[in-house]
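S.K.:
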Amino acid sequence: MKKIFVVPLAASLVLTAIAGTAIGDGHADKALQAAIAARQAQMKLVSFNTAILGDMAKGVTPYDSATASAAAANLEAVAKLDRSILWLEGSVQGTVDGTRAKAEIWSDAAGFDKAATALETAAAAMAQAAGTDQAALQAAMGDLGGTCSTCHKAYRGPKN
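Mature numbering (1 follows the signal peptide of the UniProt record, and there is no 0) puts the sequence shown at residues -19 to -1, 1 to 141.
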């Protein structure tokens, strides 16, 4: 039983080491890749929870106060993550593989910070509204969607 576990574990550790070396040799360093992966995970969580709320707002799925409240609370928590460790300078589209981050994130840091703060504000408003009723959810959804769209237009590059 131990051999069955140890061999795949050892093989995966070797493959991980080889992959890590390849990334370090020809691409961005590990810190940039880790930051990119973390912020992409953050955006996936934003998208996942926003989709739950959006489907309820549009009537695609039945409105459920508890589910809406949970998704909104998740969204609020994720929006508050410390951006300073997620958006490392040098992790720009065209410089590093796997990112759509535009250079404007760093050249217009004040604007990007304002956009990120707007997400925090919209997520907090959603957390207050989501569990109330579908009408309140719909109203908050408009602000949230606008906030996301504004930031993406300014700071997210095209798909590669």
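All C-beta atoms, glycine included, are put in the ideal place defined by N, C-alpha and C.
#1: Go ahead and pull the three-state DSSP assignment for VAL27.
#2: Check whether the region 113 to 128 and the region 27 to 41 are in contact - that is, three or more C-beta pairs closer than 8 Å.
#3: If I measure Cβ to Cβ from ALA110 and keep anything under 8 Å in the same chain, skipping five residues before and after, which residues do I get?
#4: What is the DSSP secondary structure of ARG81, reduced to helix, strand or coil?
#5: Which residue wins for smallest C-alpha separation from ALA91, given the options TYR136, GLU57, ALA58?
#6: Considering only C-alpha positions, which residue in the set SER72, SER46, ASP89, LEU56 is nearest to CYS129?
#7: Would you call the CB atoms of LEU13 and LEU62 closer than 7 Å?
#8: Which whole-angstrom value describes the C-beta separation of ILE17 and SER65, a residue pair presumed to lie in contact below a C-beta threshold of 8 Å?
#9: Is it buried or exposed for ASP6, if we count other Cβ within 10 angstroms and need 16 for buried?
#10: Out of ASP114, VAL27, THR76, which one is the CA nearest neighbour of PRO43?
M.R.: In brief:
#1: If DSSP states are grouped into helix, strand and coil, VAL27 belongs with the helices.
#2: Proximity of the region 113 to 128 to the region 27 to 41 meets the contact definition, three or more beta-carbon pairs being nearer than 8 Å.
#3: Counting only Cβ-Cβ distances below 8 Å, and skipping sequence neighbours, we find ALA53, ALA117, LEU118, ALA120, ALA121.
#4: If DSSP states are grouped into helix, strand and coil, ARG81 belongs with coil.
#5: With respect to the C-alpha of ALA91, the residue from TYR136, GLU57, ALA58 having the closest C-alpha is TYR136.
#6: Out of SER72, SER46, ASP89, LEU56, LEU56 has the C-alpha closest to the C-alpha of CYS129.
#7: It is not a contact, given that the beta carbons lie outside the stated cut-off.
#8: 15 Å between Cβ atoms; not a contact.
#9: In this prediction, ASP6 has a pLDDT of 44, which is less than 50 and means its spatial position is unreliable; nothing more can be read from the coordinates.
#10: Ranking ASP114, VAL27, THR76 by Cα distance to PRO43 puts ASP114 first.
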